[in-house]
Amino acid sequence: MIPALGRFVEALRAEGVAVSPAELLDATRAAVAIDLGDRTKFRAALGATLAKSRRQRDVFHRIFDRFFATPRGEGRGTGAHRRGSAEEGGPQRPGTGGSASKKSRPREEEPPRREREARRRPHGAETRSGTPETTTRERIRTLIDEVRAARRVGRLRVVRLDRRGEDARGQELAHGGDLSKRDLARSMTTEEEREIARRVPKLVEDLRLRSGRRFRASRRGRLAARRLFRENLAHGGVPFVLPMQTSKPRRPRVVLLVDVSFSVARSAGFFLRMASEFLRIGRDARVVAFVDRPVDATVEVRRWLSRGGGAGSIASSCTPPPPARPRRRRRPGEGIAGVASTFADVLESLRGLNLDAPSDYGRALHGLLRSGLRPRGRDTVLVVLGDGRTNRLDPLPWALEEIARKVRALLWLVPEPEERWGTGDSALAAYLPFVDVAVEARDLEGLARGLAELVRRL
Amino acid sequence: MSPPHTLTPEGIESAFAERGFVCTGEVATTLYLAEVLGKPVLLEGPPGVGKTEIAKLSAELHEAQLVRLQCYEGLDEAKALYEWSYGKQMLYVQLLREKTAELLAPSADLRSALAALKAHGDEFFSRDFLLPRPLLLAITSEQPVVLLVDEVDRADEEFEAFLLEVLSDYQVSVPELGTIRARHRPRVVLTSNDTRDLSDALRRRCLYLYIDYPSLEDELRIVESRVPGVGKTLAERLVRFAQSLRKADLKKSPGIAEVVDWALALVAVGAETLSPSVLSRTLGALLKNREDVERVLAEPSRFRA
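So the sequence lines, in the order shown, correspond to chains X and U.
Everything in the first sequence is counted per my numbering, starting at 1 for the first residue and increasing by one.
Everything in the second sequence is counted per my numbering, starting at 1 for the first residue and increasing by one.
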């Protein structure tokens with residue numbers, strides 16, 4: 001039992017739950033004190049001793065389901081202890097909206113293929129055997145293979161970060177404290193957020209230098225004079241090669257759909273900061289924030305950025321912003337500050353956005369599709385920033401498919417290591433078939449890579 | 001020694017049920033583990049889900065005295081641990097003035113007078129002049145005690161650190177009296193409404209339990225057990241209504257206590273359905289914000305299940 005508990009605790013730590021040795025000891029004592037045959041009590045005992053906050057509790061339930069799986073075919077019988085599991089009669093949190101139950105979801109007639117894809121998503125990961133470390137890697141490889149073999153063969157491109165040298169828990173050992181490689185999903189203080197924000201101007205500058213070309217290489221178009229000389233130098237100036245160039249197509253409209261739930265808000269803030277250097281938010285780019293429903297955040301984000309959070313005044317982030325209000329619960333984004341407000345303030349000012357609701361991608365995408373916020377026109381590029389963790393609610397992948405059909409390109413920035421994509425309650429497997437580029441945007445550098453993908457299309 | 005029925009999760013569950021509290025297996029197991037492991041319990045969750053009630057019933061089950069420390073911004077050691085009764089000290093000094101004069105009469109100079117005073121100075125800082133506050137009461141009690149530290153998230157971080165020290169060793173230091181150790185290790189229940197993050201150190205020392213709003217079935221059981229006069233149909237309707245309100249973005253979602261109050265109000269006015277006129281008369285028992293009430297009354301059918 002103790003080695004199994006140790007492995008379970010390792011899996012929790014890998015997901016960012018800092019379990020101390022004393023807590024492991026408590027968990028062992030608790031496991032001894034209760035009837036191990038009763039899974040509900042076992043879950044309650046480990047939960048009380050190992051998960052010490054609401055966020056940790058969500059992670060705990062996810063890992064518990066995966067780790068202490070019931071045999072195939074048996075009922076899991078744990079739903080009463082998992083929040084939001086409406087279909088199992090579990091209690092629900094406020095703000096989950098009327099669509100917590102799958103039955104009440106707005107649905108369209110779905111062809112059988114979509115249903116198969118929805119069922120194929122690895123929400124049933126708990127029935128698999130093996131350690132989480134091996135199964136997640138295998139699963140993500142299988143997922144990408146499946147996606148490539150599907151209708152849109154070869155469409156999905158995955159941009160990975162090279163993070164060799166990290167230890168098994170994903171801790172940042174190899175990069176010697178490089179803040180641009182610091183995992184943004186892990187807990188950090190406001191001061192650490194400010195430190196990371198100071199890295200933004202350098203990354204933006206690098207990106208700007210890379211995206212300076214106004215023309216793109218082409219078979220037709222006009223002669224590219226500079227390249228003509230450069231490429232024919234080897235021939236003594238005799239023009240054997242005639243490089244042509246054409247102007248880039250019209251600047252596309254961009255819709256930034258950002259998950260601003262607790263675990264992703266920090267990445268969203270940094271991404272908007274950087275993206276504002278390349279986009280005119282409010283003119284050719286709109287920002288839609290969501291937790292369980294989409295909310296137009298364009299005006300608020302533009303105001304925040306114009307106050308000094310972004311374009312033209314990025315250096316202002318080096319000046320110490322006003323201290324965080326002490327009585328409020330600390331939220332990610334308080335260190336991503338302009339002169340007058342922080343990203344956390346922006347989120348709190350958004351009307352209709354319930355920051356405490358559980359993430360519901362299906363509802364958010366459906367809402368986007370049915371509202372006036374939806375991306376329209378083939379010249380639109382949709383960028384989604386989110387981990388796809390939809391609390392086991394129906395992901396409604398057909399909604400994303402419909403959106404994807406209407407846009408020029410769909411980029412998805414995933415603020416998680418690739419190993420975790422599609423694990424637990426992540427519905428990425430259902431969404432990736434409709435995505436053109438998926439970027440491992442777990443840190444500042446990853447976000448910059450995702451932004452580079454967007455800038456290439458501008 | 002605890003009564004035997006509290007020594008199993010099932011026993012706790014049934015004992016709570018006898019007292020009209022619908023207790024899930026998770027709550028019962030956590031309370032049982034707190035007893036077995038001797039650790040404090042941190043209950044977190046939205047207001048009105050019964051966190052404080054759990055502590056009260058826990059005291060009742062263990063036949064222990066409930067000592068409650070209500071936390072608030074600015075709470076300090078003096079208000080939580082002990083104070084010297086300055087009024088009593090001053091009164092005693094006044095009453096004993098003549099005796100003091102007699103005591104000091106033989107002293108020829110200031111130094112000898114001070115030495116004479118010093119020999120009796122500690123008399124005014126003895127336990128007779130100590131006003132114990134909840135923490136000291138819990139520690140020094142001769143009887144078993146359940147210490148309820150309510151809404152600990154309202155207190156300042158400095159107080160949280162101090163609490164941590166008390167909960168670690170169950171002893172406090174009073175400079176004039178020395179270290180006071182607990183005679184019985186008190187059972188400690190901390191509650192938090194999750195309005196701010198508590199420190200990891202405090203969380204680590206506690207068993208953690210997040211209590212959410214109950215499911216429809218559980219809430220129905222609660223209403224039926226607390227409001228015997230309510231009919232089954234009405235109970236189901238009002239619970240569904242309350243649950244749909246919690247899913248809406250109201251300023252203050254109704255807790256279980258408000259739902260029970262509302263059920264009592266509906267029974268008192270003899271309501272059988274949730275008609276607009278009944279709602280307008282009784283909704284004040286359920287919702288405690290004017291904008292919320294106006295919003296619901298404007299569109300009651302949206303929330304009616």
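Idealized CB from N, CA, C, for every residue including glycine.
As assigned by DSSP and simplified to three states, the class of residue i
i, result
"TYR86 (chain U)", "helix"
"ALA105 (chain U)", "coil"
"GLN70 (chain U)", "strand"
"GLY178 (chain U)", "strand"
"PHE68 (chain X)", "coil"
"THR342 (chain X)", "strand"
"GLN143 (chain U)", "coil"
"LEU156 (chain X)", "coil"
"LEU130 (chain U)", "strand"
"ILE281 (chain X)", "strand"
"ASP360 (chain X)", "coil"
"VAL149 (chain U)", "strand"
Rounded straight-line distance, which links the Cα of residue j to that of residue i
i, j, result
"ASN391 (chain X)", "LEU37 (chain U)", "32 Å"
"LEU46 (chain X)", "THR24 (chain U)", "16 Å"
"ASP443 (chain X)", "LEU373 (chain X)", "28 Å"
"LEU91 (chain U)", "PRO175 (chain U)", "23 Å"
"ALA430 (chain X)", "SER306 (chain X)", "37 Å"
"ARG389 (chain X)", "GLU440 (chain X)", "15 Å"
"ILE63 (chain X)", "ARG13 (chain X)", "10 Å"
"LEU347 (chain X)", "VAL200 (chain X)", "20 Å"
"PRO395 (chain X)", "GLY422 (chain X)", "12 Å"
"ASP150 (chain U)", "ARG68 (chain U)", "7 Å"
"LYS406 (chain X)", "VAL455 (chain X)", "20 Å"
"LEU147 (chain U)", "CYS71 (chain U)", "13 Å"
"GLY446 (chain X)", "LYS252 (chain U)", "39 Å"
"LEU257 (chain X)", "ALA11 (chain X)", "30 Å"
"GLY30 (chain X)", "ARG203 (chain U)", "At residue 30 (chain X) the sequence reads Ala, which differs from the Gly that was named. Cα-Cα distance, rounded: 17 Å."
"SER99 (chain X)", "SER180 (chain X)", "Model confidence at SER99 (chain X) stands at a pLDDT of 34, short of 50, so the residue's coordinates are unreliable and nothing is read from them."
"PRO9 (chain U)", "GLU23 (chain X)", "21 Å"
"ARG476 (chain X)", "VAL287 (chain X)", "The question about residue 476 (chain X) has no answer here: the residues shown for chain X are numbered 1 through 458."
"THR282 (chain U)", "PRO47 (chain U)", "21 Å"
"ALA285 (chain X)", "LEU458 (chain X)", "11 Å"
Beta-carbon neighbours of residue i, restricted to chain U and to distances below 8 Å
i, result
"GLU23 (chain X)", "ARG204"
Partners in chain X for residue i, counting only beta-carbon separations shorter than 7 Å
i, result
"VAL36 (chain U)", "ALA33"
"ASP76 (chain U)", "Simply none; closest approach about 16 Å."
"TYR170 (chain U)", "Per Cβ cutoff of 7 Å: no residues; TYR170 (chain U) is ~17 Å from chain X at best."
"LEU30 (chain U)", "Looking at the sequence shown, residue 30 (chain U) is not Leu but Thr. Per Cβ cutoff of 7 Å: ALA44, ALA48."
Contacts of residue i in chain X (Cβ-Cβ under 9 Å)
i, result
"ASP261 (chain U)", "The premise fails here: ASP261 (chain U) is roughly 18 Å from chain X at the closest Cβ pair, so nothing lies under 9 Å."
"PRO9 (chain U)", "ILE34, ASP35, ASP38, LYS41, ALA44"
"LEU287 (chain U)", "Under the 9 Å cutoff, chain X gives no residues; its nearest Cβ is about 13 Å from LEU287 (chain U)."
"TYR210 (chain U)", "GLY47, ALA51, SER53, ARG54, ARG57, ARG83"
"GLU26 (chain U)", "THR40, LYS41, ARG43, ALA44, GLY47, ALA48, ALA80, HIS81"
Contacts that residue i makes with chain X (C-beta to C-beta distance below 8 Å)
i, result
"ASP150 (chain U)", "The contacting residues do not exist; ASP150 (chain U) stays about 17 Å from chain X at best."
Listed by chain order, chain U residues near residue i by CB distance under 9 Å
i, result
"ASN354 (chain X)", "ASP249"
"ARG29 (chain X)", "LEU33, VAL36, LEU37"
Residue i beta carbon near the ligand ADP (any heavy atom closer than 6 Å)
i, result
"VAL152 (chain U)", "This structure simply doesn't include the ligand ADP, nor any ligand for that matter."
7 Å Cβ cut-off: residues of chain U touching residue i
i, result
"SER53 (chain X)", "ARG203"
"ARG363 (chain X)", "Result: empty, since nearest Cβ-Cβ is about 12 Å, beyond 7 Å."
"SER20 (chain X)", "ARG204"
Next on the checklist: Which runs of the beta strand (DSSP E) at least 3 residues long sit entirely within the stretch 378 to 455 of chain X? Give them in chain order.
Outcome noted: 380 to 385, 409 to 414, 437 to 440
Next on the checklist: Contact between the stretch 42 to 58 of chain X and the stretch 214 to 229 of chain U is defined here as three or more beta-carbon pairs at a separation below 8 Å; is this criterion met?
Outcome noted: The stretch 42 to 58 of chain X makes no contact with the stretch 214 to 229 of chain U; the number of CB pairs closer than 8 Å stays below 3.
Next on the checklist: Just to confirm the assignment: which complete alpha helix (DSSP H) runs, minimum length 4, are found wholly within the stretch 18 to 72 of chain X?
Outcome noted: 21 to 33, 39 to 50, 54 to 67
Checklist entry - Hey, is the stretch 82 to 98 of chain U in contact with the stretch 232 to 248 of chain U, meaning 3+ C-beta pairs nearer than 8 Å? => result no
Checklist entry - Which full runs of the alpha helix (DSSP H) of 4+ residues lie inside the stretch 285 to 309 of chain X, going along the chain? => result 298 to 304
Item to check | alpha helix (DSSP H) segments (min. 4 residues) lying fully within the stretch 191 to 279 of chain X | outcome: For secondary structure counted as the alpha helix (DSSP H) over 4 or more consecutive residues, the stretch 191 to 279 of chain X holds these complete runs in sequence order: 200 to 210, 225 to 231, 265 to 275.
Item to check | Those runs of the beta strand (DSSP E) which lie wholly inside the stretch 24 to 53 of chain U and span at least 3 residues | outcome: 41 to 44
Checklist entry - Whole alpha helix (DSSP H) runs in the stretch 170 to 229 of chain U with 4 or more residues, listed along the chain? => result 200 to 204, 216 to 226
Next on the checklist: Which complete alpha helix (DSSP H) runs does the stretch 251 to 299 of chain U hold, if anything under 4 residues is left out?
Outcome noted: 256 to 268, 276 to 282, 290 to 298
Item to check | At least three beta-carbon pairs within less than 8 Å, the stretch 358 to 368 of chain X to the stretch 278 to 295 of chain X | outcome: Flag = yes, the stretch 358 to 368 of chain X and the stretch 278 to 295 of chain X touch.
Checklist entry - Is there contact here, the stretch 175 to 189 of chain U with the stretch 41 to 61 of chain U, by at least three beta-carbon pairs under 8 Å? => result yes
Next on the checklist: Counting beta carbon pairs with one atom in the stretch 266 to 277 of chain X and one in the stretch 228 to 248 of chain X, are three or more of them shorter than 8 Å?
Outcome noted: no
Next on the checklist: Would you call the stretch 106 to 121 of chain U in contact with the stretch 163 to 181 of chain U, where contact means no fewer than 3 C-beta pairs closer than 8 Å?
Outcome noted: no
Next on the checklist: Any contact between the stretch 285 to 293 of chain U and the stretch 270 to 277 of chain U? By contact I mean 3 or more CB pairs, one from each, below 8 Å.
Outcome noted: no
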